[in-house]
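Residue numbers (this note's numbering): 2 to 170. Only one structure is covered here, and it is reproduced in the block below.
Shown next, in the form of structure tokens:
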């Protein structure tokens with residue numbers, strides 16, 4: 002009976018080792034790969050142009066604000082402005098300040114949206130190529146060295162549900 006138990010244990014160890022060593026691992030470096038894709042450079046250029054246009058609009062608004070503020074301060078120093086006019090122009094400056102702040106928030110959102118619009122199709126194309134290569138070449142996992150993460154893994158290897166159960170979540 003002892004011999005059978007030892008034999009079964011050895012057979013189990015052999016199968017476990019064979020299974021682990023049968024997995025084929027691969028890696029890539031997306032930081033090196035992506036810039037070599039022609040569309041990537043075009044997308045970067047388009048995003049830079051778009052971002053620069055928004056930056057120019059922001060600078061124009063800021064210059065307008067600064068000019069109006071300087072004019073108000075000069076008029077106040079010269080004493081050629083009424084209290085009512087001062088209050089009106091101060092309110093205008095406050096409103097302009099809020100507009101500039103809102104423009105800045107909107108511009109950041111627009112740049113992020115444009116980035117997704119330009120780069121997501123390229124990233125999707127690269128991911129499809131990685132998936133196809135993994136299946137064709139029999140890779141179990143493919144790692145991206147530039148981000149330190151897995152870019153391909155079989156669906157059955159996700160143990161998130163098991164961990165949640167173990168943690169009582």
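Just so it is clear, CB atoms sit at the ideal spot from N, CA and C, and this is done for glycine as well. These numbers come from a predicted model, not from an experiment.
{"query": "Run of the alpha helix (DSSP H) containing residue 35, from where it starts to where it stops", "result": "Careful: residue 35 lies outside any alpha helix (DSSP H) and carries neither H nor E."}
{"query": "Burial state of residue 143, where buried means 16 or more other Cβ atoms lie within 10 Å", "result": "buried"}
{"query": "Residue burial classification, residue 135 (beta-carbon count within 10 angstroms, cutoff 16)", "result": "buried"}
{"query": "Status (buried if at least 16 other CB within 10 Å, exposed otherwise) for residue 44", "result": "buried"}
{"query": "Cα-Cα separation between residue 40 and residue 103, rounded to whole angstroms", "result": "32 Å"}
{"query": "Burial state of residue 81 (16 or more Cβ within 10 Å)", "result": "exposed"}
{"query": "Extent of the continuous alpha helix (DSSP H) to which residue 1 belongs", "result": "As shown, the chain starts at 2 and ends at 170. That puts residue 1 outside it, with no answer to give."}
{"query": "Proximal residues to residue 151 (C-beta, below 8 Å), its chain only, five neighbours per side dropped", "result": "142, 143, 144 and 145"}
{"query": "Minimum C-alpha distance to residue 48 - residue among 130, 114 and 128", "result": "114"}
{"query": "Per-residue burial, residue 148 [other beta carbons within 10 Å of its own, 16 or more giving buried]", "result": "exposed"}
{"query": "Which listed residue (88, 84 and 97) has its alpha carbon closest to that of residue 67", "result": "97"}
{"query": "Test item: CB-CB of residue 123 and residue 62 under 7 Å", "result": "no"}
{"query": "Beta-carbon gap between residue 27 and residue 120 smaller than 7 Å", "result": "no"}
{"query": "Nonlocal neighbours in the same chain, by C-beta distance under 8 Å from residue 116, ignoring five residues either side", "result": "48"}
{"query": "DSSP three-state assignment for residue 26, whether helix, strand or coil", "result": "strand"}
{"query": "Contact set for residue 29: own chain, Cβ-Cβ below 8 Å, skip 5 residues either direction", "result": "131, 143, 144, 145, 146 and 152"}
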